[in-house]
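In our numbering, the protein residues as written are 25 to 242.
All residues carry an ideal CB built from backbone N, CA and C; glycine is no exception.
It should be emphasised that the depicted structure is a prediction, and the values quoted were computed from it without experimental measurement.
Structure record follows, encoded as structure tokens.
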Ligand code: AP5
Ligand code: MG
């Protein structure tokens, strides 16, 4: 029996923050498409360079390369029991591809929490975000500051601000989300898999709501 959870929600709503917590408590792998692109960029791969050209503009990386990257990732042994998918799928074509690839493993998407918050909250969260260079740990200068400014609490690596967190790029990413990803909310609602989560509360409260919602789906 596998468990695949898809975290839906706009840029900056807290998908990565919650995915990391859930991954620790459930022992399911955390698969973040954005983190995979950033890892490729750090390693200067062709995929990383291609992805950056879209990410810097706040646009989506083309479906074919994104789908094949995720296919390779979830075929790895740490996804045998399932995974928490953060940022994938983001288009109807990606959702269909996911369904097909999971059915090849005899699996399916079990639950889809849709985390939401107002645009002003998203801008406030992304503009204060600091990310760990080494493994993507997430901080916020006001809401979850590191013990020492600029240094990750977990692995002491440098913290940086993402290039795509400039206000104008975040605004564009939100538009792209509304145009290309919002259709998935209905898609998963019709499949009976969607659970609505209010993302405006503090991290711990959002986690509580998520855990309760996931129990009701599994
Ligand atoms: P990606 O990296 O996935 O970015 P995103 O979806 O835009 O979401 P973010 O990572 O910005 O936000 P988040 O929801 O994870 O919030 P976080 O937990 O960090 O994608 C980047 C780009 O890659 C895309 O634009 C696209 O170009 C490309 N890409 C990725 N996937 C793709 C795909 N499938 N197809 C095509 N292209 C793709 O939290 C944000 C901040 O808020 C942090 O500072 C955090 O500390 C704080 N915070 C979190 N929760 C709370 C809370 N409850 N209260 C207060 N503060 C909070
Ligand atoms: Mg994220």
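Quick one: what's residue i bridged to in DSSP?
i	result
residue 176	DSSP lists no partner for residue 176.
residue 184	155
residue 161	Beta-bridge pairing links residue 161 to no other residue.
residue 218	136
residue 28	107 and 133
residue 168	164
residue 226	DSSP, once it has assigned bridges, lists no residue as partnering residue 226.
residue 56	110
According to the neighbour-count rule (16 or more other Cβ atoms, all chains shown, within 10 Å of its Cβ), is residue i buried or exposed?
i	result
residue 171	exposed
residue 199	exposed
residue 119	buried
residue 100	exposed
residue 130	exposed
residue 113	buried
residue 180	exposed
residue 264	No answer is possible for residue 264: the residues shown for the chain start at 25 and end at 242.
residue 205	buried
Hey, out of the options, whose CA is closest to residue i's CA?
i	options	result
residue 25	61, 104, 117 and 37	104
residue 41	204, 182, 161 and 216	161
residue 230	32, 29, 38 and 28	38
residue 193	130, 219, 183 and 77	77
residue 93	57, 215 and 163	57
residue 215	83, 95, 135 and 62	135
residue 45	228, 90 and 241	228
residue 178	83, 159 and 196	159
residue 33	169, 163 and 146	146
residue 83	124, 189 and 234	189
residue 123	184, 28 and 240	28
residue 91	156, 184 and 115	115
Can you grab the Cα-Cα spacing for the pair residue i / residue j, in whole Å?
i	j	result
residue 225	residue 191	22 Å
residue 212	residue 173	40 Å
residue 80	residue 43	23 Å
residue 127	residue 201	26 Å
residue 54	residue 85	20 Å
residue 106	residue 182	31 Å
residue 220	residue 71	33 Å
residue 196	residue 232	31 Å
residue 51	residue 60	19 Å
residue 97	residue 121	14 Å
residue 117	residue 125	12 Å
residue 141	residue 168	18 Å
residue 207	residue 62	26 Å
residue 163	residue 210	31 Å
residue 218	residue 203	19 Å
residue 87	residue 74	13 Å
In its own chain, which residues sit with a C-beta less than 7 Å from the C-beta of residue i, not counting the 5 before and 5 after it?
i	result
residue 31	39, 42, 43, 108, 109, 110, 137 and 139
Excluding the five sequence neighbours on either side, which residues of its own chain have a C-beta within less than 6 Å of the C-beta of residue i, listed in chain order?
i	result
residue 65	72 and 76
residue 238	135
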